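Each residue of the sequence shown is one higher than the one before, counting from 832 in the numbering used here.
Idealized CB from N, CA, C, for every residue including glycine.
Note that the structure is predicted; figures quoted are calculated from it, not measured.
Notes follow the structure.
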Amino acid sequence: MILFSELERWRGNTITRSFPKAIVPDRHWRRPSTKESEESLTRVQNIIGDFDAEYTMKYYDYWSQHYEKDLEILDYKVPDFMASKLAGFLPGREWENPSHSVLDVGAGTGQMAIALKKFDFKGTVDALDGNTKMLEKAREKGLYKHLEQHLLMDDSPMKFASNTYDTVVCCCAMVPALIQPECLPDMVRVAKSGGRLYFTTRATDGNSTFRDRVDVQLNAMKESGLIRITAEDVIPQYSWPVNEGDDDKHCISAVAICLEKLKNSE
Ligand SMILES: C[S@@+](CC[C@H](N)C(=O)[O-])C[C@H]1O[C@@H](n2cnc3c(N)ncnc32)[C@H](O)[C@@H]1O
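Below, the structure is given as structure tokens:
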């Protein structure tokens, strides 16, 4: 069970604004036990694997009908975690700057925009996602300034100009079946110099090869002087115990990595 003191710690000591408290309720740590929650969990688990983009997009065509209900049932809080941390990462009064521009890559149905609003972010948010049905749900919320349907692949970069966004976020979309680590340089490309990319990936043993590929990309950008890593946090409630008898450590299964871009891309 997560202690409240721990929750306060990972929400970030740098945050001084008064944000909603206790965004990760205790019950999150229990294996879902109702039939409804078992079904929701199954839909999450069904996309854990090495699926290709075509399969993944078909899956999201189907999952788009259940996605938000499933997240609610499973008490998904990663966007809240990221928004609250990001508020602390931004310098000065940037959080309240109406011209601060965020790009939400793999935006899905718009959970990140909801979280940013909840935490009183005053800038603008654009969305990019490969799946039209997920993006439609995001559009309905009216929280994004611009929505772009685009399947991001290492050979299919985003159409945005380089050095455009103050902040790029990618919440729970960089995992084997979804956006690949080789797309990280493109996400950095569209961020401004002095801006940041904040993204998650799984931290589980089963994801170690994928995480190695993330690190290859990060190290190459670090070595060329393009970025520096500014934060790497464990997300306590990223996923849920999968098997009967799994303990809490199975919940601590993702990292959120923040990096700062140090110079403009050509
Ligand atoms: C798990 S959802 C996360 C959505 C949202 N960020 C959230 O936290 O709820 C992953 C999203 O990534 C999108 N996606 C997967 N692969 C993609 C790709 N290669 N390019 C663009 N979007 C992709 C899916 O369509 C889906 O909407």
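For the segment 924–991, list the alpha helix (DSSP H) runs that are entirely contained and at least 4 residues long, ordered along the chain.
Counting only runs of 4 or more, we get 942–949 and 963–971.
Where do the N-terminal and C-terminal ends of the alpha helix (DSSP H) with L1049 fall, by residue?
S1039 to E1054 is the extent of the alpha helix (DSSP H) around L1049.
Under three-state DSSP, which class holds A1087?
A1087 falls in the strand class under three-state DSSP.
What is the DSSP secondary structure of D1036, reduced to helix, strand or coil?
D1036 falls in the helix class under three-state DSSP.
Note down, in chain order, each residue of its chain lying with its Cβ closer than 8 Å to the Cβ of K953, except the 5 sequence neighbours on either side.
The answer, listed in chain order, is W926, E927, N928, P929 and H931.
What's the C-alpha gap between G880 and V936?
C-alpha separation (whole angstroms): 20 Å.
Residues of its chain near K948, where Cβ-Cβ distance is below 7 Å and the 5 sequence neighbours each way are ignored
For K948, where only same-chain residues beyond five positions count, the Cβ hits under 7 Å are L974.
V909 beta carbon near ligand 1 (any heavy atom closer than 7 Å):
True, at least one ligand heavy atom lies under 7 Å from that Cβ.
Go ahead and label N1050 buried or exposed: buried means 16 or more other beta carbons lie within 10 angstroms of its beta carbon, across all protein chains shown.
The residue in question, N1050, is exposed, as its Cβ has fewer than 16 Cβ neighbours within 10 Å.
Inspect the beta-carbon positions of M943 and P910 and report whether they are closer than 8 Å.
In this structure, P910 lies closer than 8 Å to M943 by Cβ.
By how many angstroms is the C-alpha of W894 removed from the C-alpha of P1016?
Spanning the two alpha carbons is a distance of roughly 29 Å.
Near R1059, which residues of its chain fall below 7 Å by C-beta distance, leaving aside the five closest residues on each side in sequence?
Correct list, in chain order: K1053, L1090, E1091 and L1093.
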